[in-house]
Amino acid sequence: MNLNFLKLRDWKMKVLTLNVHGWMEKFASKKIKQLAQVIATKDYDVIALQEVNQPMKEGMTEHKRFIKPSQEVNLVPLKKGNYAGVLVKELEKFGKYYFWTWSANHIGYDKYDEGLAILSKTPQNSQVINISQSTEYDNVGTRNILKSEISIFDKKWLIFNGHFSWWEDPEDNQIFKHEWDRAQIALNENMKENIIFMGDFNNEASTYNKGYDYVLKTAPFLNDSYTIAQENYGYATMKGKIDGWKTTSDSKRIDYIFVSDKLTVQKNHVIFNQDNESIVSDHFGVEVIILE
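Heads up: the sequence shown runs through residues 6 to 297, numbered per the working numbering.
And the structure:
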């Protein structure tokens with residue numbers, strides 16, 4: 006790959022976020038091929054994926070463009086069958102070669118290491134930051150964010166990827182608030198940088214005075230790509246009853262891309278919702294084109 010090409014062209018940063026549902030998704034092997042084909046066609050610069058899992062019982066493996074993140078607790082080795090690893094290999098079949106990082110948050114469905122991944126066209130320096138009150142690996146409430154520093158188009162970018170909890174747990178504890186407050190420590194240290202914060206926030210945009218409003222209130226240097234985009238397509242990023250939202254059948258916007266307020270968003274499109282590419286997960290994706 007000629008990395009200088011990414012410096013010389015008139016740049017438009019193309020990014021994607023998607024909660025992939027990992028190997029829990031029905032027909033996952035077929036859908037991961039569909040996902041790879043679309044990614045190859047769209048030619049994204051950076052991709053943030055959530056619920057990226059691997060079978061716990063599989064053996065360890067390596068990949069030449071895998072970047073091991075720095076992590077203080079629950080460091081889980083890369084294993085065969087890692088969803089992001091399989092996706093990267095599928096992309097190689099299309100001549101697309103991504104650098105990538107992955108870290109586990111917790112055990113998922115009693116048989117998977119489940120976590121977050123970031124794919125990028127250029128190398129990245131990655132760090133895992135715990136944001137939950139729990140650090141126990143067997144606690145589904147244990148949450149981290151993945152932070153990657155990337156240089157692309159002769160610019161430094163800070164990419165954050167997160168999979169957050171609901172605003173409240175069954176005991177009315179404001180768990181999202183705690184997680185976002187922890188994430189903000191890393192954000193506030195870098196608020197003057199080119200920041201893209203993507204992920205599944207598990208908080209609905211239309212719900213007043215809860216998670217979504219709290220993000221906007223506490224991080225005024227970030228904009229929701231949906232609200233500032235010059236062109237929008239689609240709204241909801243989930244529909245019906247899915248894992249984590251079994252008591253509702255409404256469509257919701259809970260997956261976001263937040264960008265530094267000095268950046269311009271040309272396009273914000275919902276994707277993988279059947280209208281715009283086939284469904285590959287129980288969430289829809291969000292793709293954005295960013296300008297300076």
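Even for Gly, the Cβ is constructed at its ideal location relative to N, Cα and C.
Because the structure is a prediction, the values reported are computed rather than measured.
| query | result |
| --- | --- |
| Reference Q39, options V78, L92 and W28, closest by Cα | L92 |
| Helix, strand or coil at T106 according to DSSP, with G and I counted as helix | strand |
| CB-CB length for T22 against I262, believed under 8 Å | 6 Å |
| Buried or exposed (CB count within 10 angstroms, at least 16 for buried), L296 | exposed |
| Cutoff 6 Å; reference E292; Cβ partners in own chain excluding five residues on either side | L21, H274 and I276 |
| The segment 92 to 101 contacting the segment 135 to 152, beta-carbon criterion three pairs below 8 Å | no |
| Best match in G216, D205, V220 and K267 for proximity to D287 [C-alpha to C-alpha] | D205 |
| Inter-stretch contact (C-beta, 8 Å, three-pair minimum) for the segment 109 to 126 and the segment 80 to 91 | yes |
| Whole-Å CB distance - L227 paired with D266, under 8 Å assumed | 7 Å |
| First and last residue of the uninterrupted alpha helix (DSSP H) at S1 | Residue 1 lies beyond the residue range present for the chain, which begins at 6 and ends at 297; the question has no answer from this structure. |
| Top-ranked residue by Cα proximity to A122, from Y88, I112, Q138 and E154 | Y88 |
| Candidates I72, P128, E141 and V43: closest to V78 by CA position | E141 |
| Inter-residue Cα distance where the pair is F32 and N208 | 27 Å |
| Local conformation of S283 per DSSP, three classes | coil |
| Helix, strand or coil at T22 [DSSP, three-state] | strand |
| Sequence-distant residues of its chain with Cβ nearer than 6 Å to V285 (five each side left out) | K36, Q39, L40 and F277 |
| Beta carbon of K126 nearer than 7 Å to that of A45 | no |
| DSSP three-state assignment for L266, whether helix, strand or coil | The amino acid occupying residue 266 in the given sequence is Asp; Leu does not appear at that position. Coil. |
| Nearest-angstrom beta carbon gap, A53 and N166 [assumed within contact, 8 Å] | 4 Å |
| Continuous alpha helix (DSSP H) stretch holding W162: start and end | It is not in any alpha helix (DSSP H) - W162 instead sits in the beta strand (DSSP E) that spans K160 to H168. |
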